[in-house]
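J.: Before anything else, here's the structure in question.
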Ligand SMILES: NC(=O)c1ccc[n+]([C@@H]2O[C@H](COP(=O)([O-])OP(=O)(O)OC[C@H]3O[C@@H](n4cnc5c(N)ncnc54)[C@H](OP(=O)(O)O)[C@@H]3O)[C@@H](O)[C@H]2O)c1
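Residue numbers (my numbering): 81 to 316.
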């Protein structure tokens, strides 16, 4: 049986090992700490990533981060965008133009995972633009230098919470983007969140899984999702 002092020593080093492991992974941040920001951010912390949560109301981000331990922190949206390698957009779509104005420079060259959805009843005229042109290209127009990947927008967060790391086969998450390296990084993040990534193609294909389109709210395993979206079965 292991000596009590050895066990205590192991317990003391565990946070250091966890932190060292996290240093090998990209640093993540959420803009928005509501249902999407808190659900995904919490799963990422559990997967061993550093996550900075942000919202205009700092206390909201602090309430999410505090119970999650040393890998989680809270900051303003500007600080979060500056500190991270990958930034999740988890805000009502109407906030995108203002965030583009405030954060586009800080996000130049960074991967931006866009989980937002446009709804006219909630988001005003920009929703019509995003419905017509696709949310991917519309978001990209406000963050011209960012490597936008659409993903995690098509499935309700209650389902994300309950299906994460379920027994295989995992639930498929469609993702789309123009930058192959960014897509590869987000595909790995989807795996680490406990799901099976399916790349639908470039940013325009993200329309397939935004509201009003067949892939939206589609809870399928990869073969079923690919068939429903008419993607080749050998799609990664
Ligand atoms: N809920 C779901 O299951 C789900 C699933 C997939 C996709 N989505 C989409 O994901 C987005 C977020 O949904 P949600 O359910 O997480 O919404 P939510 O619970 O209302 O949270 C929105 C968050 O965004 C923050 N926020 C709003 N405006 C902001 C701004 N200008 N700058 C920084 N932060 C801002 C809010 O905090 P402050 O007001 O304090 O800033 C809040 O933390 C929406 O576009 C939604 O359609 C939702």
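Note that CB positions come from ideal geometry on N, CA and C, so glycine has one too.
Pull up the DSSP beta-bridge partners for residue 133, would you.
T.: Answer by DSSP bridge pairing, in chain order: 110, 154.
J.: Does residue 81 pass the burial test, meaning 16 or more other C-beta atoms within 10 Å, or should it be called exposed?
T.: Any reading at residue 81 needs caution, since the residue's pLDDT is 49, under 50, leaving its predicted position unreliable; the model's value is listed next. Answer is exposed; the Cβ neighbour count stays below 16.
J.: Report the rounded CA-to-CA distance for residue 182 versus residue 254, giving the unit in angstroms.
T.: Rounded to whole angstroms, residue 182 to residue 254 spans 28 Å at the Cα level.
J.: Determine the closest residue to residue 252 out of 303, 191, 294, 161, with distance taken between C-alpha atoms.
T.: Closest by alpha carbon: 303.
J.: Quick one: does the C-beta of residue 196 sit closer than 7 Å to a heavy atom of ligand 1?
T.: Because some heavy atom of ligand 1 lies under 7 Å away, the Cβ of residue 196 counts as near it: yes.
J.: So does residue 104 have its beta carbon nearer than 7 Å to some heavy atom of ligand 1?
T.: False, no ligand heavy atom lies under 7 Å from that Cβ.
J.: Could you compute how far the alpha carbon of residue 150 sits from the alpha carbon of residue 102?
T.: Roughly 11 Å between the two C-alpha positions.
J.: Between which two residues does the beta strand (DSSP E) containing residue 206 stretch?
T.: Not the beta strand (DSSP E): residue 206 falls in the alpha helix (DSSP H), residues 205-213.
J.: Which parts of the stretch 189-274 are runs of the beta strand (DSSP E), unbroken and 3 residues or longer, counting only runs that do not cross its ends?
T.: Listed in chain order, the complete beta strand (DSSP E) runs (minimum 3 residues) inside the stretch 189-274 are 191-194, 227-231, 252-257.
J.: Report the three-state DSSP secondary structure of residue 104 (helix, strand or coil).
T.: Looking at residue 104 - three-state DSSP - the assignment turns out to be coil, as it is neither helix nor strand.
J.: Applying the 10 Å Cβ sphere with the 16-neighbour rule, what's the burial state of residue 299?
T.: Answer is exposed; the Cβ neighbour count stays below 16.
J.: Whose C-beta lies closer than 8 Å to the C-beta of residue 301 among residues of the same chain, with five residues either side of it excluded?
T.: Same-chain partners within the cutoff: 249, 250, 251, 252, 276.
J.: Could you check whether the Cβ of residue 116 sits closer than 7 Å to any heavy atom belonging to ligand 1?
T.: It does: the Cβ of residue 116 is within 7 Å (strictly closer) of some heavy atom of ligand 1.
J.: So residue 167 is in the beta strand (DSSP E); what residue range does that whole segment cover?
T.: Residue 167 -> beta strand (DSSP E) spans 166-169.
J.: For residue 177, name the three-state secondary structure that DSSP assigns.
T.: In this structure, residue 177 counts as helix in the three-state DSSP scheme.
J.: Along the beta strand (DSSP E) that carries residue 277, what are the first and last residues, could you check?
T.: Start and end: 276-281.
J.: Verify whether the separation of the beta carbon atoms of residue 169 and residue 111 is less than 8 Å.
T.: Against a cut-off of 8 Å, the Cβ pair of residue 111 and residue 169 comes out as a contact.
J.: Is the closest heavy atom of ligand 1 to the C-beta of residue 206 under 7 Å?
T.: False, no ligand heavy atom lies under 7 Å from that Cβ.
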